[in-house]
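What follows is a short report on a single structure.
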């Protein structure tokens, strides 16, 4: 099943540069794993914000939550999840 | 998989009484079928409005859409769907 | 360039059944053309509503508007468009 | 009487790991008590967020508030409460 | 149990004057009955709008819904209901 | 003149326990004074939140503001005020 | 006591021109009366909309509602009312 | 002085094709006049909607309102107006 | 030209009392200057909040911004500005 | 392609004056570069707020994001981006 996942990251402005860099690198690494595993099907940046929109695939909402919660940035992000149904044009 | 489905019905005020009655009866009949099939797990009225909140079970969003769209009131309602993940307290 | 396009259709409830059927068929035909042309890259139904979310590709916002406005349902729909930037995970 | 209770937890990002762990454990313990007492009838995670939706049973709003306020996370959460009426399909 | 009930009435502008008068009178009559029965504890007009705010008393949300739905204006109104808990200042 | 006053308290999570206790006690004391003076006519807790709804009586908005601003929690709260007009059912 | 009153007029688009003219004239006449009586202290147009913002003076919310409801456009408008307190700069 | 003007047109769906064409032509004619007069400095379509965003120049809000109200579509549109101040980068 | 300016002040709760007093005094002094210069035409407190609504007069949005930005509380406030057009009742 | 970019800056109130000055200067320098490169086509201040509205030109959303993210204030701002299509009046 696919989901539209819109993620907004809100890192506290006082986060020190090294911690920022460490988090960014860990996030990118975990993101690549989820992308290679096919959990993140497609992902785009929302221009002008530290936000992204993505199509995620997971067995159900429980598996989807586990995937999103595995992101190192999870304590600093908020994800809005829309379940997606097959559209007749793709059926 | 379970979903929280919040439905608001907005029947045009000029709908004649017989059509209103016919729709209400057809809606109740289809609702009972979905309840007996286990698609509607629980359902409540939101007091003061022609609205309800329910826990629905369906294989995925496609099956859920088919179930909601099978309601005779579908052209007059709007459903907000929240996918639900297992909570550790119930795992 | 890709865009996230979220479309909500709001056909007046008093629309007669034949007109509804004619519109739905014309909409499906035009949708297939846009899909085959690669303008609609992916499209999903939002469960419980006469709404969809899609990834559209177009040269720019002017070409995107022309594509959306070519839908027979255009007078009855509202599209929210989010421009999408390449995400580092896909770069 | 039943209530739909939607809880969003907003723990300050600077909370230290041990305090986070202590709070999570205390929260889980109190949650189990409320679940066993029948106050929390059903509970789900909202995927992608530190949030949950639940069906709670309490004599009235005063008893419900006491139950929610007994959660160790209470200073860090916000609950939106919808009173639920019996739906004819369940009457 | 008490509830804060905020009601907004949205009578279609094309409603003819006699129907308007008939509805207003029936609404006032039913309102007086609910007031005398103690269901409507207090009620105020929201200035500048066809809206009111009231404190209603009912055994539970089911009884409250029955009371609101008994208003002749029910098809034309929308009620927002907030359940009320005892405040320590009044305990 | 009466007002519907909805107050949401947002004490910073890092407030130390003794300061929290001191504020809560001072707030309760001032609340009792306003209640005895007839300024707070009725007051309820909004379940699940550090919030309340109340009916306040004051000569005008200036006197009402003075009463609300006299609360020790004033720097940490936000009040939404709705002026109330007499409803024909109570006239 | 003074109030900030923001009025948005939503005349049904199908209203015939003569009825539109009659309403506009009656509205202007009643507006002048309220202005001369000192009920409307100041009034401005919100550019680009059939809307206005005004400072109204009335004994209380009940008198204010009577004044707004006396406008011939009352069935077609929505007023948002903010009670105003004396500011120290004007005290 | 310049203003950001965002206009959303909401023509009733039942408007007949000839009336639609007549309005569109009159709107385009008046738009060209305002553009040539320098009142509309720049204008863009919001993709996917019958909406536009524009930079308008007018002596003040009164002149701006007169210009917007001179559009044949005025009864069917809603304009949101943001006054614009000189930015240091352009000073 | 006149503007409706609604200002909400959000001083960080941890601001020490002497700094609070200094800011309040400086704000009052600057407010009196703007009032005497005719920039602030009228001003009211919004009851229950550290907020005010005012009618400001300025040559244009640039001059208005300079006036608001000259307030000592400017780093802690947010102003919503509505440009005002002459209403026929005052023309 | 052009974009409407609305930027709101939210610098933490506790930022020290020298850091504030350094950021403001760096921001102005980068702004001038983007203006001279034709990326920022026009820009205005939103009166009363640390916010601006601008017309930006970029090849696509990816280039636009790179330009906005190059602003020294990027960690403290939020940009809302609307893609702009050619309007027939300018075609």
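Chains as they are written, first to last, in the numbering used here: chain A, 40 to 130; chain B, 40 to 130; chain C, 40 to 130; chain D, 40 to 130; chain E, 40 to 130; chain F, 40 to 130; chain G, 40 to 130; chain H, 40 to 130; chain I, 40 to 130; chain J, 40 to 130.
Note that beta-carbon positions come from the ideal geometry of N, C-alpha and C, so glycine has one too.
- Judged by DSSP in its simplified three-state form, residue 107 of chain C adopts helix.
- Neighbours of residue 74 of chain D across chain B, judged by C-beta separation under 7 Å: 128.
- Contact fails between the region 48–65 of chain F and the region 55–62 of chain D, because fewer than three Cβ pairs, one in each stretch, are under 8 Å apart.
- Residues of chain G whose Cβ lies closer than 9 Å to the Cβ of residue 125 of chain I are, in chain order, 83 and 84.
- Residue contact with chain J for residue 92 of chain H: present (Cβ-Cβ distance below 8 Å to some residue of chain J).
- Segment contact: the region 104–117 of chain G against the region 72–86 of chain I, fewer than three CB-CB distances shorter than 8 Å; contact not assigned.
- DSSP, reduced to helix, strand and coil, places residue 96 of chain J within a strand of the structure shown.
- In the structure shown, residue 102 of chain F falls within a helical segment according to DSSP collapsed to helix, strand and coil.
- The C-alpha of residue 100 of chain G is placed about 12 Å away from the C-alpha of residue 44 of chain G.
- Taken atom to atom, the span from the alpha-carbon of residue 54 of chain E to that of residue 115 of chain G is near 12 Å.
- In the three-state scheme derived from DSSP, where H, G and I count as helix and E and B as strand, residue 57 of chain D is classed as helix.
- Residue-level contact check: residue 122 of chain D touches chain B, since one or more beta carbons of chain B fall below 8 Å from its beta carbon.
- If you compare the alpha carbons of B/119, B/120 and B/93 with that of residue 128 of chain D, the shortest gap goes to B/93.
- DSSP places residue 128 of chain J within a helical segment (H, G or I) once states are collapsed to three.
- Just so you know, the alpha carbons of residue 70 of chain J and residue 113 of chain J end up roughly 12 Å apart.
- Chain C places a beta carbon closer than 8 Å to that of residue 107 of chain B, counting this residue as a contact.
- Within the same chain, 111 come within 6 Å of residue 65 of chain H by CB-CB distance, once the 5 residues on both sides are set aside.
- At the C-beta level, residue 51 of chain F and residue 103 of chain D stay beyond 8 Å of one another.
- DSSP lists E/116 as the beta-bridge partner residues of residue 48 of chain E.
- Following the DSSP letters along the chain, one finds residue 85 of chain H in no beta strand (DSSP E), marked with neither H nor E.
- Chain F places no beta carbon closer than 8 Å to that of residue 62 of chain D, leaving this residue out of the contacts.
- Residue pairing of residue 41 of chain H in beta bridges, as defined by DSSP: H/96.
- Note on geometry: alpha-carbon atoms of residue 118 of chain I and residue 82 of chain I lie some 13 Å from one another.
- Between residue 96 of chain D and residue 120 of chain D, the CB-CB gap reaches or exceeds 8 Å.
- A Cβ-Cβ contact shorter than 8 Å links residue 123 of chain G with residue 41 of chain G.
- Interface flag for residue 69 of chain C against chain H is unset, since no Cβ pair is found closer than 8 Å.
- Spanning the alpha carbons of residue 49 of chain D and residue 84 of chain B requires a straight line of approximately 30 Å.
- Pairing residue 90 of chain H with residue 63 of chain H, the inter-Cα distance amounts to about 13 Å.
- Just measuring C-alpha positions, the residue of D/98, D/130 and D/67 sitting nearest residue 125 of chain E is D/98.
- Assigned with DSSP and collapsed to three states, residue 123 of chain I falls in coil, not helix or strand.
- Sequence-distant partners of residue 68 of chain A (beyond 5 residues in either direction) whose C-beta falls short of 6 Å from its own C-beta are missing from its chain.
- Closer than 8 Å to the CB of residue 88 of chain I there is at least one CB belonging to chain F.
- Residue-level contact check: residue 49 of chain E does not touch chain D, since none of the beta carbons of chain D fall below 8 Å from its beta carbon.
- Apart from the 5 residues on each side of it in sequence, residue 130 of chain I has no Cβ closer than 6 Å to any other Cβ in its chain.
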